[in-house]
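Chains as they are written, first to last, in our numbering: chain A, 4 to 461; chain B, 4 to 461; chain C, 4 to 461; chain D, 4 to 461. The structure appears below as structure tokens.
4 protein chains.
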Amino acid sequence: MSATIFDAALTTSEMAAAFDDAAIVRAMLRFEAALALAQAEAGVIPADAARAIAGRCRAEHYDLAAIIEEARSAGSVAIPLIKALTHSVAQTDAKASGFVHWGSTSQDVIDTAMVLVTRDALTLIERDLDDLIGSLLTLIDAHAATPILARTLLQPAQVTSFGLKVAGWTAPLVRSREHLRSQQKRALALQLGGAVGTLSAMGTQASDVAKIMAANLGLTMPAAPWHTQRDQWVRLGLEVSVLVGSLGKIAIDLALLAQAEVGELAEPSAIGRGGSSTMPHKQNPVAAMTALTAAHRTPHRAAALLAAMGQQHERGLGNWQAEIAEWPALFLSAHGALHALAGAMRGLRVNAARMRENIEAQNGAVFSEAAAMVLASGIGRDRAQVLMRQLVRQAATSAQPVESMLLAHVHSDNSLSSRVDAERLRLAFDIDAATALPAQLARQQLQLLRDALGRGED
Amino acid sequence: MSATIFDAALTTSEMAAAFDDAAIVRAMLRFEAALALAQAEAGVIPADAARAIAGRCRAEHYDLAAIIEEARSAGSVAIPLIKALTHSVAQTDAKASGFVHWGSTSQDVIDTAMVLVTRDALTLIERDLDDLIGSLLTLIDAHAATPILARTLLQPAQVTSFGLKVAGWTAPLVRSREHLRSQQKRALALQLGGAVGTLSAMGTQASDVAKIMAANLGLTMPAAPWHTQRDQWVRLGLEVSVLVGSLGKIAIDLALLAQAEVGELAEPSAIGRGGSSTMPHKQNPVAAMTALTAAHRTPHRAAALLAAMGQQHERGLGNWQAEIAEWPALFLSAHGALHALAGAMRGLRVNAARMRENIEAQNGAVFSEAAAMVLASGIGRDRAQVLMRQLVRQAATSAQPVESMLLAHVHSDNSLSSRVDAERLRLAFDIDAATALPAQLARQQLQLLRDALGRGED
Amino acid sequence: MSATIFDAALTTSEMAAAFDDAAIVRAMLRFEAALALAQAEAGVIPADAARAIAGRCRAEHYDLAAIIEEARSAGSVAIPLIKALTHSVAQTDAKASGFVHWGSTSQDVIDTAMVLVTRDALTLIERDLDDLIGSLLTLIDAHAATPILARTLLQPAQVTSFGLKVAGWTAPLVRSREHLRSQQKRALALQLGGAVGTLSAMGTQASDVAKIMAANLGLTMPAAPWHTQRDQWVRLGLEVSVLVGSLGKIAIDLALLAQAEVGELAEPSAIGRGGSSTMPHKQNPVAAMTALTAAHRTPHRAAALLAAMGQQHERGLGNWQAEIAEWPALFLSAHGALHALAGAMRGLRVNAARMRENIEAQNGAVFSEAAAMVLASGIGRDRAQVLMRQLVRQAATSAQPVESMLLAHVHSDNSLSSRVDAERLRLAFDIDAATALPAQLARQQLQLLRDALGRGED
Amino acid sequence: MSATIFDAALTTSEMAAAFDDAAIVRAMLRFEAALALAQAEAGVIPADAARAIAGRCRAEHYDLAAIIEEARSAGSVAIPLIKALTHSVAQTDAKASGFVHWGSTSQDVIDTAMVLVTRDALTLIERDLDDLIGSLLTLIDAHAATPILARTLLQPAQVTSFGLKVAGWTAPLVRSREHLRSQQKRALALQLGGAVGTLSAMGTQASDVAKIMAANLGLTMPAAPWHTQRDQWVRLGLEVSVLVGSLGKIAIDLALLAQAEVGELAEPSAIGRGGSSTMPHKQNPVAAMTALTAAHRTPHRAAALLAAMGQQHERGLGNWQAEIAEWPALFLSAHGALHALAGAMRGLRVNAARMRENIEAQNGAVFSEAAAMVLASGIGRDRAQVLMRQLVRQAATSAQPVESMLLAHVHSDNSLSSRVDAERLRLAFDIDAATALPAQLARQQLQLLRDALGRGED
């Protein structure tokens with residue numbers, strides 16, 4: 004079937020291909036071929052039957068539309084596909100057709116197929132995650148000492164450095180990379196349990212068949228079939244969701260900093276990128292939009308995975324089917340977001356001058372904590388805070404700099420000037436001085452991130 | 004693009020077609036044609052330009068794959084489509100091409116297109132909802148007096164009638180029908196606001212253009228553009244979600260009653276329906292499965308719609324895009340569920356004998372409240388409840404009928420037999436007597452439902 | 004028990020009281036009293052027993068902590084409460100105690116109690132919703148003609164009026180008011196079904212008892228018990244969710260416009276309001292924060308209600324219990340958000356000068372569509388759009404006004420100056436001229452909203 | 004404030020206490036004391052000031068209700084608490100009061116307090132998880148060879164062993180134990196960043212202060228403050244959600260097997276446990292109910308955590324506040340579920356006879372795959388499946404055993420009897436023979452689980 008055009012525009016063509024009908028059917032047929040060949044190797048079915056089966060396991064032999072139509076009443080895509088495969092094998096080798104899908108079950112083939120296509124999907128994600136991380140590391144390096152307003156609750160707070168801000172974006176991505184790697188080792192596991200998880204129809208060779216299959220498909224051999232115990236699989240989906248959450252954090256910061264009134268960042272400009280159907284001046288932050296869209300949608304997919312965990316007995320009714328159907332959207336969204344942000348960060352336009360202007364436009368108010376700290380050592384923090392609050396308010400009304408008002412105030416009051424070091428006060432309002440500490444932290448973080456990536460490569 | 008094969012198998016081909024790429028592009032082009040023609044009628048653009056534009060508004064002229072590809076960087080499907088349309092018009096009428104999409108905006112065309120395809124989707128839903136309700140009314144009628152165990156917290160409770168149970172399933176569907184009808188009147192509204200909701204580029208004729216378009220497209224004329232005020236639209240999506248919730252309730256009851264150990268209901272049997280890829284005896288409840296899958300997935304879609312409501316300023320960044328992309332799945336799931344249950348209920352196999360056996364297998368325990376009520380009038384409720392609890396436990400251990408144990412107990416105790424009417428006690432254990440009241444309620448409900456449907460038709 | 008301190012700070016003390024333990028127990032006892040009195044009136048139980056029962060239906064008689072403790076093993080709060088009530092009645096009137104909760108069931112008392120406290124909660128919501136709407140109408144009126152940047156995808160788009168923007172905020176609230184009113188009529192319904200929804204223990208007087216109770220409690224008499232058919236109840240919860248969604252839209256706009264770099268709006272300032280624990284200059288948008296928090300949380304509650312609809316048979320296992328437990332948070336969040344925004348809008352600080360400055364800071368770029376429209380009539384839209392895109396880009400680089408660059412360009416090019424009316428071009432860049440249309444729309448909307456409110460009062 | 008009585012009944016009193024107002028305020032004060040003492044140790048503030056501050060850091064000194072009231076306008080619970088603490092310190096030591104909360108920020112104290120109470124919560128969870136796992140291991144051991152129907156899509160499938168089924172329940176819990184342990188090491192980290200994450204007010208000693216605090220509080224020292232980078236924290240919440248998902252799986256199986264018509268399991272019986280307010284015979288599965296309720300609610304909490312990840316800049320507006328407020332419910336639900344199931348499994352009533360009867364009641368149909376496999380070796384799988392489907396259907400109609408019908412059929416057909424081993428056919432229908440393989444798998448799983456637990460202890 005065709006999903007809406009909107010989904011397609013929010014992902015990449017590569018990821019769309021990873022989960023399209025043909026890819027899933029190919030993976031299902033890959034399972035059936037691997038099953039037959041492993042069974043032949045373990046002596047469960049004749050070798051020539053296995054070869055005959057494997058020979059028909061190619062998606063182009065089958066009519067997907069007809070299979071989907073039949074799946075609606077069969078209750079599973081596997082049933083009509085296996086029927087069609089059996090029929091196809093029978094046309095050249097009637098005996099071999101009797102060994103198609105031998106001792107396995109619909110859920111084995113569907114779950115393993117999902118594992119196989121998910122592995123491909125994760126390769127795409129890792130590639131673009133590395134790309135994005137690379138661009139961010141470059142930004143940290145370049146802007147370790149670039150002052151920028153730190154903002155809390157969407158209000159100016161203090162000065163930090165843009166490099167440190169980017170380091171904050173990057174660290175969760177490096178952690179996601181590590182968590183995704185370790186969790187996929189656990190979750191990309193063969194599903195082979197037969198009708199009820201006991202592989203009863205394969206007798207004593209069951210375990211051998213599974214091991215051979217897992218090895219041939221390059222999948223983890225699980226301690227037991229996981230038909231209705233989906234925790235490791237769900238954890239993998241949740242890891243992707245956490246990644247999208249971290250991308251959403253980057254995207255919201257990017258979108259806010261790209262507001263015209265802020266003007267500190269802009270996505271790369273290109274023909275046909277972020278324009279409007281009617282307004283010639285528009286430069287929409289399309290990468291941020293794509294990532295934010297993913298961040299809006301993904302938590303609900305994660306909830307669906309978790310809500311589907313209560314699968315009844317040896318195969319769920321409705322919940323397994325829901326989980327499988329929800330799964331691809333996680334990856335479509337994640338890769339759309341990742342790819343968009345990787346592109347945006349590669350060509351990010353950083354307006355360091357505007358960052359400084361926005362700090363200066365605060366007229367010194369964002370240094371009020373720093374100034375209060377200096378005052379506090381002389382007059383106690385309570386008096387210091389009250390004084391600063393007063394001055395900040397007066398400064399806002401009179402549009403005068405807080406610094407000069409404060410220095411004048413201190414100068415005019417002997418009890419103050421005797422206890423407070425005017426030079427330290429002046430320094431409290433210095434943008435570059437305020438950036439020294441965040442710059443140092445940014446460089447430390449950069450080193451930590453590089454170290455972590457290095458460890459991850461081992 | 005192609006969504007997963009699993010989604011396709013869980014909906015109908017009709018609903019899949021209602022939201023496929025071509026349908027949405029057709030609806031977008033229908034908007035552009037209607038816009039141009041209305042603008043011509045209102046004197047905003049030349050009539051021949053409008054005709055030239057309308058003449059190119061056919062989906063088959065455009066390359067959907069290329070449009071999707073371009074949409075990824077443009078940030079909207081509308082932009083490349085309008086570009087292609089403009090280009091196409093220009094090939095025959097350069098001047099007319101300057102009037103394509105005149106004064107409108109991407110969101111106008113996308114929102115209105117979604118409204119148009121949603122109207123088609125609702126027609127499918129209403130048709131199958133009526134079909135399902137029809138089958139259920141027949142079941143109420145046929146089984147008004149068929150005794151069945153009522154179960155609470157998945158434990159036997161008392162006797163009710165199967166007809167009354169079905170009436171419980173039906174009433175919410177009749178209410179959904181009414182709510183869907185009234186909400187779609189509000190929500191299937193034209194979107195036409197231009198760049199920021201003021202239709203500034205259409206001048207004083209803006210309102211006329213909108214009215215003509217709404218009339219021609221058969222849509223509600225809203226009080227104002229609803230670019231970032233999505234409440235009526237979200238309510239419509241939530242109504243569909245409520246419907247799916249009510250279908251899920253039917254499906255879980257059906258699945259539970261179809262368990263082999265219960266055996267009171269079965270879905271219709273047919274070749275290729277609900278079989279297993281490996282177990283010859285399997286008869287899986289495929290309709291229940293489809294509806295339960297929808298019920299698992301839909302609440303998360305509803306949450307996504309609600310979470311997307313905080314759309315910034317005059318057009319949202321990420322949330323509008325998320326809402327539009329989430330929307331179709333609501334209808335795909337709903338129609339899959341509805342169609343499956345309509346089929347199941349049309350041919351539902353009701354095992355009234357088994358319903359009675361399951362009551363009898365309770366050995367009278369489910370009449371303990373009724374018996375306690377009779378006893379209570381003689382010995383007070385507290386003593387009555389204590390006595391019944393005791394007897395039920397003894398009966399469970401000894402596998403004897405509660406009724407005979409109770410009668411023996413009463414007979415053996417003068418203080419009891421003098422105060423309690425043995426005949427009324429006996430009657431408390433009579434299945435058919437217990438069914439009389441629910442049967443009467445079922446018939447009352449049937450009449451109420453028919454009346455409500457009749458009113459709905461006015 | 005005590006929820007976290009964080010929940011408490013995000014709602015009002017009034018709403019917290021509406022759903023606290025004592026309020027719910029009071030409502031449960033109110034049900035029991037009403038049940039007994041109605042049963043006496045209908046002749047089901049003796050009148051003096053009813054009076055004795057009603058006399059003990061006061062929350063202060065009972066040990067809530069002990070009841071909660073017992074509820075954990077009983078599986079329901081109703082069971083230990085009814086036990087305690089029965090015991091309490093028995094101490095003065097042993098016979099009457101036998102008639103406590105006669106023929107009813109745990110779910111009857113709990114559901115009806117939730118209906119009763121929800122009615123109180125809705126009264127609070129309606130009060131503050133009216134308050135908020137009132138403040139917003141005043142703002143529309145005052146600022147119908149105040150120019151403000153319209154922003155799409157978080158980028159400057161065109162000029163609109165602040166009054167029209169506020170009208171956009173208001174309309175969904177007026178609709179919510181109407182929908183809440185009509186839906187509460189349907190959903191605030193008595194629950195009285197007895198063990199399995201048949202009221203079997205009350206015999207032929209069952210219907211009379213229910214009608215008397217509904218009338219005495221001021222509740223709707225439903226067509227049937229709704230133990231496992233929760234659609235009308237869920238719709239009410241969803242209506243509250245839609246309201247929160249609309250409040251979230253206001254809150255995000257408010258928060259964005261209150262950014263220091265935008266500076267167009269500010270929440271009212273007050274001692275202790277929105278300060279920081281460390282930064283003297285901070286003025287955090289606390290009302291926006293509270294409403295945004297509610298908007299973040301509520302969609303997940305709505306999903307929980309919908310997901311709980313598949314309640315098995317005649318009483319659900321786990322889903323009913325989940326729904327009841329999720330319910331209050333909807334109202335706690337909604338009222339916290341509503342109350343906070345009502346306060347913010349009552350004293351909203353509107354900086355109209357800054358609104359104009361922010362438009363002017365765009366250097367005319369936001370008039371590019373308007374200018375292109377004027378040009379288009381002379382040189383076709385394609386050329387017009389290309390030209391405007393070029394000029395906007397040059398203007399951004401050179402920091403010159405788009406208007407003067409455009410006029411110079413037109414002047415220098417005969418093919419242009421001959422076809423384009425320079426005066427109309429100039430007008431396209433006039434802020435006040437651009438505000439005329441939105442001002443008119445704002446006034447129309449204001450009238451429509453007042454009319455709708457007037458109708459709502461009928 | 005008081006949450007609803009319903010929440011309280013669905014958790015344990017221990018977990019309710021872990022997150023109650025007093026516990027959180029205690030943890031916040033513990034942060035303030037640790038901060039002051041660490042700052043004294045690092046030479047940032049005077050030692051006697053630190054002692055004076057630490058001396059007032061006791062929850063009983065403060066009026067929680069007043070703090071909550073003030074928090075509503077302050078926008079944070081930390082602000083009024085720190086004000087009250089400062090005031091309290093000032094009463095005995097004015098100078099020391101100036102050093103309260105020195106250089107820190109509201110989010111530092113709130114996040115760290117949540118970490119501290121969460122650590123306590125996890126201790127409770129680990130304790131009861133171990134208890135539950137212990138009971139389940141005993142069940143695997145006792146019932147490794149107890150035959151039970153495996154059911155797929157809620158229909159009888161084949162024979163498995165109850166021990167193997169329990170092993171399926173247990174493995175995810177053992178995995179959750181391991182994942183929770185490793186994730187809490189990462190997530191239970193100190194939060195100390197000061198106003199914007201740079202600890203600017205603490206100068207060069209900032210890092211020392213943080214290390215001393217982390218060590219003293221027994222918390223992980225994070226690579227950087229995590230004010231708006233919540234991934235590790237969210238992962239911990241998701242791990243709890245996965246645990247609840249796995250508990251929900253156990254609960255649904257338990258509830259289904261406890262249905263009267265199935266009758267294979269029952270929760271332990273006790274006075275006041277699982278009774279009904281009206282039906283004397285009721286034995287409701289209260290533990291299953293509690294766990295299912297948790298499983299219904301928790302996915303929506305997980306979604307809320309994920310959706311809150313897009314926290315703007317250096318402190319979020321609305322999303323951080325939402326996350327903190329959502330967090331406790333995860334643990335309340337999880338511990339309620341865990342404690343209930345631990346109790347149920349400790350005294351689980353297993354009806355092995357009924358398990359066998361339910362298999363026998365299938366009349367051999369559940370052996371149809373096994374029989375078909377035997378037949379297949381003689382006549383090919385297609386013919387075998389067709390034959391078995393036919394016989395199963397005839398058996399269902401005639402209520403005769405499939406086995407005897409099949410043997411008769413084979414006997415009567417020479418082409419069959421010559422190719423099929425009747426003895427192997429008979430064995431295919433033998434319950435105990437069918438249980439041998441699952442029994443062996445159950446014992447293997449038991450060993451694997453014990454090994455995993457042993458490794459976990461290292």
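Every residue gets a Cβ at the ideal spot worked out from N, C-alpha and C, and that includes glycine.
In the structure shown, the three-state DSSP call for Arg-318(D) is strand.
Chain order gives the chain B residues near Met-376(C) as Gly-106, Ala-204, where near means a beta carbon separation below 8 Å. Between Ser-244(B) and chain D, the shortest Cβ-Cβ separation is not below 8 Å. Ala-204(C) and Leu-195(C) have their C-alpha atoms some 12 Å from each other.
Ranked by how close their Cα comes to the Cα of Met-292(B), the residues Thr-89(B), Val-265(B), Ser-336(B) have Ser-336(B) in first place. Taken through DSSP and simplified to helix, strand or coil, Ser-272(A) comes out as coil. Nearest to Met-376(D) by alpha-carbon distance, out of Ala-19(D), Asn-366(D), Ala-340(D), Met-391(D), is Met-391(D). The C-alpha of Arg-304(B) lies about 6 Å from the C-alpha of Glu-329(B). Distance from the CA of Leu-341(B) to the CA of Pro-302(B), rounded to the nearest whole angstrom, comes to 16 Å. The DSSP-derived three-state label of Pro-175(C) is helix. Excluding the 5 residues flanking it on each side, Arg-238(B) has same chain C-beta neighbours closer than 7 Å at Gln-186, Ala-190, in chain order. The C-alpha of Leu-444(A) lies about 11 Å from the C-alpha of Ser-210(D). Taking 8 Å as the upper bound for CB-CB distance, Glu-372(C) and Ala-43(B) are not in contact here, some 21 Å apart. Taking 8 Å as the upper bound on Cβ-Cβ separation, chain B lies near residues Ala-437, Leu-440, Pro-441, Leu-444, Gln-448, Leu-451 of the stretch 433-455 of chain C. Annotation: Cβ neighbours of Glu-372(D) in chain B (cutoff 7 Å, chain order): Thr-281, Met-282, Pro-283.
With respect to the C-alpha of Val-395(C), the residue from Arg-386(C), Asp-433(C), Met-408(C) having the closest C-alpha is Met-408(C). In this structure, Thr-173(D) places its C-beta atom within 8 Å of the C-beta atom of Leu-140(D). Residue contact check for Arg-386(A) against chain C: no CB pair falls below 8 Å. DSSP places Val-120(D) within a helical segment (H, G or I) once states are collapsed to three. Apart from the 5 residues on each side of it in sequence, Ala-345(A) sits with its Cβ closer than 7 Å to the Cβ of Asp-131, Asp-134, Leu-135, Ser-138 in its chain, given in chain order.
For a cut-off of 8 Å, the C-beta gap from Leu-127(B) to His-316(B) is around 36 Å, too long to register as a contact. By the CB criterion at 8 Å, Arg-59(B) and Leu-88(B) fall inside the cutoff.
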